[in-house]
Structure formats: structure tokens, C-alpha cells
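Participant: Residues 7 to 261 in the working numbering are what the sequence shown spells out, letter by letter. A virtual CB, placed ideally from N, CA and C, is assigned to each residue, including glycine. Because the structure is a prediction, the values reported are computed rather than measured. A single structure is presented below for examination.
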Amino acid sequence: MMQLGSTAFALWIDALSFLISSVSFFLLPPLSDEHAENDEPQDHGGAWNRLRSDWIEAKQFLTENWLFTSLFIATAASQVFGQAADSQEVIFAEKALHLGRFGYGMMCVAAGLGFLLGSLVLSVFAKRLSTKFLLACGSILGGIGYFIYALAQGFWQAVIGLVMMGVFVTAENVGFTTYMQHAIPVEKMGRIHNLLDPPQQGLTLILMIVASAVTEKYGVRTLMISMTCITMIAGVSNTILALIPRNQNAFETSM
């Protein structure tokens, strides 16, 4: 779209897709009366006391379930450092790979193709792949794909790394999400997300600012290699946690 039209046109189309996605939530069917009654907020001394109680309950769960907490920290680290690197992707394409708008657009297509291929493979082999396998292989191989991209000296090397990253990051995300759905009781899931999501989003914002400063001082190649090394370390941590024998009972559930 940037090649055929303009950058502004591509951004407007992107914004429109988010708007359509948001509006589509209004088309979701309403909750049943039973769920509505269970989800109805109750006042126990004010919103702050309820929020504090939820945080305490979520913190207790995280303390008692060290495997989930460790996997979440490693997965979140991989995501936030990856997003910080992604924020400099345009500069990387221009300064390190010497690509124009069309080349950058094709890189985005390559990453999207990787995610699409990963989704198709998982849909075909869903019943044959265990949660442990998806998390272990997806974490380490997705990190390797990102590292290939960071070291790329040309367009096709970057494409190979991005496609590989897309395929295996999809597997990692599905594996962790499946594990999380079985590890967290349904009644506590909202509380735990309320405790974990805000720090993760705040850290993502901070790291994007840091990434800009590092790029300005040391160069975009140094930033990309540094960030992808951290994501690889997080991926290796996930793989080790998934393969430790004493943790096998937690991954008995297959897709």
C-alpha cells in the first residue's frame, strides 16, 4: 500500500482496521443471565478495597504457583523486548538493510506470512502437538528466527528470519495460552490479568523509549542484536522450564 499509494494512506487503512475490530465487539451476543448475575460487581467497602483484595488474591496465586510465574516472566520478557525492537524496525530496514518503502512492506508481509503459516500448521496438527512441545520448541526456535533477522545483511536473510520467527512465535503463544488456561482457575483469571498486564504494558512503553535512545547513540544494529539476545535467553528459559521432568504433570494437557 505504501508503494502504490502513500504512507499516510497505509496508516489510515491500518487505523480503519482497528476501528472495525473495535466496533465488531458490539456484535457479540450478550452473556446469559446466570453469567451476568455471577459477574455483577458487589460492593464490599468501595472499589479500592475490592481492587486491593483482588491484588492480594492474585499475588498469593503467583507466589504459590512458581512454574506459572516463571513462565509468565520469561514469556513477557520475550514480548516486551521484542516489541521494543519492533519499534525500530523501520530504521533497521532503512539503515541496516538499505531497503526502501517497498522492501520494508515486504518484510512486514514476511512476518505476517510466518504467523499465518504457523496458524495453519497448528490447525492441522493441533491434536498431535502437546502444550509442552509447542512452548519449548516455539520459544527457542522463535528466538533463533528473530536472531537471524537481527544479523541479516540483506533482504532475503531478513525474510527467512521473519518467517521463521512468525511460525514459531505463534506456536509459543498458543502453547503458553493453553497452559495458562489450565493453570489459572477461571474465577481468578481476571484478577491475575489485572495484576500482571499494567506492569507489562508500562515496561513496554519504557523499553520503546530506551530503544530509541540506544539506536540514536549506538546504532540500530546494536539495538536489534541486544534485544534479540534477551528474547533468546527468555526463550531458552521457557524451554528449560517446559522440559524439566518435575514439571511434566503441568503440561499433560494436549491441544
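Identify whether residue 136 lies in helix, strand or coil by the three-state DSSP scheme.
Facilitator: strand
Participant: My understanding is that residue 186 touches residue 87, with C-beta atoms under 8 Å, so please give their C-beta distance in whole angstroms.
Facilitator: So it is not a contact: roughly 20 Å between Cβ atoms.
Participant: Determine, using beta carbons only, whether residue 123 and residue 173 come nearer to each other than 7 Å.
Facilitator: yes
Participant: The alpha helix (DSSP H) spanning residue 209 covers which residue range?
Facilitator: 192-224
Participant: Assign residue 59 to one of two classes, buried (16 or more other C-beta atoms within 10 Å of its C-beta) or exposed (fewer than that).
Facilitator: With fewer than 16 other beta carbons inside 10 angstroms of its own, residue 59 counts as exposed.
Participant: Residue 73 lies in the alpha helix (DSSP H); which residues open and close that run?
Facilitator: 72-92
Participant: Skipping 5 residues on each side, what residues in its chain have a beta carbon closer than 6 Å to that of residue 27?
Facilitator: none
Participant: By how many angstroms is the C-alpha of residue 220 removed from the C-alpha of residue 109?
Facilitator: 24 Å
Participant: Short of 7 Å in beta carbon distance, which residues of its chain neighbour residue 99, apart from the five on each side in sequence? Order them along the chain.
Facilitator: 105, 109, 110 and 113
Participant: Kindly indicate which residue of 255, 218 and 196 has the alpha-carbon position closest to the one of residue 92.
Facilitator: The shortest C-alpha separation from residue 92 is found at 218.
Participant: Beta-carbon separation of residue 102 and residue 165 under 7 Å?
Facilitator: no
Participant: Quick check on the burial criterion: 16 or more other C-beta atoms within 10 angstroms. Buried or exposed for residue 152?
Facilitator: buried
Participant: How should residue 70 be labelled, buried or exposed, when 16 other C-beta atoms within 10 angstroms of its C-beta is the threshold for buried?
Facilitator: exposed
Participant: Residue 212 to residue 200, Cα distance in whole Å?
Facilitator: Roughly 19 Å between the two C-alpha positions.
Participant: For residue 125 and residue 203, what's the separation of their Cα atoms in angstroms?
Facilitator: 25 Å
Participant: If we require 4 or more residues per run, which alpha helix (DSSP H) segments fall completely within the stretch 107-158?
Facilitator: 107-131 and 137-157
Participant: Which residue from 192, 230 and 22 puts its Cα closest to that of residue 154?
Facilitator: 230
Participant: Residues in its own chain within less than 6 Å of residue 189 by CB, not counting five upstream and five downstream?
Facilitator: 74.
Participant: Starting from residue 160 and walking both ways along the alpha helix (DSSP H), at which residues does that stretch end?
Facilitator: From DSSP, residue 160 is part of no alpha helix (DSSP H); its letter is neither H nor E.
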